[in-house]
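A short worksheet on the structure shown next.
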Ligand SMILES: [Zn+2]
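Encoded structure:
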């Protein structure tokens, strides 16, 4: 296959999604305010993108390309997502084989490993974006356990048994004890999350929002402890962060683009109504002090900003263009381009495609240099399966 084709991704209407951002990207009216959580661009079996090859019917992407090793997405997070950890590739291979041998059906609620792949994730913020990422460094963690009265009883646990002991303690704590501690903590917070000007860098803000979001009965979600134990990270537009195997994380609020290896291996640690397997979670979570590394990316002479990661599965880069700018790149794999702002013509000397709201994405095949010409101030992301030449 060669050339450039318009690509139409698949919208996922999960409850936590916002109802304006993705509809605006797709120039779609959403009168009934249905949540539009994710827009998937790839060959995942649960969300196969289609391409316009000029025939009367769109063609599924995997009919003209091999399955892609990555899945590229746009996310609009209105309500926070579950706390999660992804296994390493090696661990996923072992655990997937074990569950297969045990005969646990793939769609069973107690099935933890859906495939034998790792799920490294890289996200780039499209707006102010908030997330939880890794455990707080020691001093900060001790400060919060000291300053939040209701959490004082966790301090001796941390002093005696460190990060692993503390996390195991809150994840295995009997539900009545979770309720006792968190009930009195949450009572003092009221509904501060409803105040638009409330400080989102504070744990209390997200705890009050989580309590309202996940309230279903008298039992309180123990994931709320993690809001106090983990780093709260704010990314500005254009900044990126990488989720390596074992790092606990949860997206809290905002819009982003995300690229990940093709996998569904998610171990959950709260803020969810889904299955939590504490034993599996504890096997794979890295219980250690974490200083979040914000990735700014490196810009080449074409103005392409690349967000490098330690994994070989994918590369994500972005062109931030002014009106009249022209840039180019040479695709080496089946690649997807996505416009998140502006209007850009994509051209390979044979075909020209206009990316704009309504038709924001295209697939490009290797073989020819691809030129981008901005008709307005524009932002175009490029997802690739290869490591770029650096
Ligand atoms: Zn994740």
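Residue numbers (the working numbering): 185 to 574.
Quick reminder that beta carbons are idealized off the backbone N, C-alpha and C, glycines included.
Next item on the list: Alpha carbon to alpha carbon, how far is residue 244 from residue 200? Give it in angstroms, no decimals.
Entry: 28 Å
Next item on the list: Identify which residue in 461, 501, 473, 464 has its Cα closest to the Cα of residue 479.
Entry: 501
Check: Any idea which residues DSSP pairs residue 301 with across the strands?
Finding: In the DSSP output, where bridge partners are listed per residue, residue 301 has none listed.
Notebook entry, point to check: Measuring from the CB of residue 437, is there a heavy atom of ligand 1 at a distance below 8 Å?
Noted result: no
Next item on the list: Decide if residue 458 is buried, meaning its Cβ has at least 16 other Cβ atoms within 10 Å, or exposed.
Entry: exposed
Notebook entry, point to check: Is residue 405 closer than 9 Å to residue 392 when the C-beta atoms are compared?
Noted result: no
Check: residue 342 and residue 260 look like a contact to me (Cβ under 8 Å); what is the Cβ gap, rounded to whole Å?
Finding: That belief does not hold up - the Cβ atoms of residue 342 and residue 260 are roughly 36 Å apart, past 8 Å.
Next item on the list: Below 8 Å CB to CB, which residues in the same chain sit around residue 412 once its five sequence neighbours on both sides are set aside?
Entry: 328, 329, 332, 335, 387, 391
Check: Pick out every residue whose C-beta is nearer than 6 Å to a heavy atom of ligand 1: which are they, in chain order?
Finding: 268, 270, 305, 427, 433
Item checked: Completely contained beta strand (DSSP E) runs for the region 524 to 554, where each covers 3 or more residues -> 528 to 531, 536 to 539, 545 to 548
Notebook entry, point to check: Comparing alpha-carbon positions, which option in 208, 494, 186, 202 lies nearest residue 526?
Noted result: 208
Check: In angstroms, rounded to a whole number, what distance separates the CA positions of residue 574 and residue 494?
Finding: Unreliable placement is indicated for residue 574, whose pLDDT of 45 sits below 50; the coordinate value is still reported in the next sentence. Computed Cα separation, rounded: 14 Å.
Notebook entry, point to check: In this structure, what does DSSP give as the bridge partners for residue 357?
Noted result: Answer by DSSP bridge pairing: none, since residue 357 is not bridged.
Note to self: Which of the three DSSP states is assigned to residue 562 in this structure?
What the structure shows: strand
Notebook entry, point to check: Should residue 447 and residue 270 be called a contact, given that it needs their Cβ atoms to be closer than 9 Å?
Noted result: yes
Notebook entry, point to check: Assuming residue 268 and residue 452 make a contact with CB atoms under 8 Å, what is their CB distance in whole Å?
Noted result: 5 Å
Notebook entry, point to check: When the Cα atoms are used, what is the spatial distance from residue 303 to residue 449?
Noted result: 7 Å
Next item on the list: Give the secondary structure of residue 285 by DSSP, where H, G and I count as helix, E and B as strand, and everything else as coil.
Entry: helix
Note to self: Let me make sure I understand the geometry here. Which of 415, 432, 394, 421 has the alpha-carbon closest to that of residue 408?
What the structure shows: 394
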